[in-house]
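Okay, structure first, notes after.
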Amino acid sequence: MAKSITHKNFLLCYFLLMLGLSVPISGTKYTVPWDNLDLNLTLYPVGKKFHVGDILEFKYATFSSAVFVVDLIGFADCDHSKGYIADAALSGDTFVTLNQTGFMYFISFFEQCITGIKLVITVS
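Here the sequence shown stands for residues 1031 to 1154, numbered as in this note's numbering.
Here is the structure:
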């Protein structure tokens, strides 16, 4: 009898563990108006707490912009050559899942970046 209860307890624990692992944990989604020249993107992160798992949705007109993930030097120089493009389709609706802690840097094409279409956030 005790063996049967132990086996049932094991199966119950296993089932609950698998159920818990199958539930996706999603972060907060933030919408970034990526082609709004009237918005100061340096102020965009103010008051926001970004965490690993959060999602940034960059909104812009299709084929009019791009989102590149770069390092500090690429950010400062508006140089995307050592970064990577977040959406090669330039769809106008680019999603980036924050997957690391620390600073993350985003820029657009050079001509747009030098006018302020760039963003730095801190992820915890």
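Built from N, CA and C at the ideal position, the CB exists for glycine as well.
Close-in-space but distant-in-sequence residues of the same chain around residue i (CB under 6 Å, 5 per side omitted)
{"i": "G1083", "result": "G1057"}
{"i": "L1069", "result": "P1063"}
{"i": "L1120", "result": "F1093, A1096"}
{"i": "G1113", "result": "F1098, V1099, V1100, G1104"}
Backbone CA spacing between residue i and residue j [nearest angstrom]
{"i": "H1110", "j": "F1140", "result": "8 Å"}
{"i": "K1079", "j": "G1132", "result": "12 Å"}
{"i": "F1136", "j": "V1097", "result": "6 Å"}
{"i": "Y1090", "j": "N1066", "result": "8 Å"}
{"i": "C1143", "j": "L1073", "result": "15 Å"}
{"i": "F1088", "j": "I1115", "result": "12 Å"}
{"i": "G1104", "j": "L1149", "result": "12 Å"}
{"i": "G1025", "j": "I1147", "result": "Nothing can be reported for residue 1025: it is not among the residues displayed for the chain, which extend from 1031 to 1154."}
{"i": "A1118", "j": "G1077", "result": "30 Å"}
{"i": "A1106", "j": "L1071", "result": "14 Å"}
For residue i, the residue or residues it bridges with in DSSP
{"i": "Y1114", "result": "V1099"}
{"i": "L1149", "result": "F1136"}
{"i": "D1109", "result": "D1109 is not bridged to any residue."}
{"i": "T1124", "result": "F1088"}
Residue i at chain D interface by Cβ criterion, 9 Å
{"i": "T1131", "result": "Of the protein chains in this structure there is only one, and it is not chain D."}
8 Å Cβ shell around residue i - same chain, five flanking residues per side excluded
{"i": "H1081", "result": "G1057, T1058, L1128, V1153, S1154"}
{"i": "I1085", "result": "S1056, G1057, T1058, K1059, Y1060, F1125, V1126, T1127, L1128"}
{"i": "P1075", "result": "L1149, V1150, I1151, T1152"}
{"i": "Q1130", "result": "V1082, V1153"}
{"i": "L1102", "result": "F1133, Y1135"}
{"i": "C1108", "result": "I1137, F1140, C1143, I1144, K1148"}
What runs of the beta strand (DSSP E), each 3 residues or longer, lie entirely inside the region 1054-1092?
-> 1059-1063, 1085-1089
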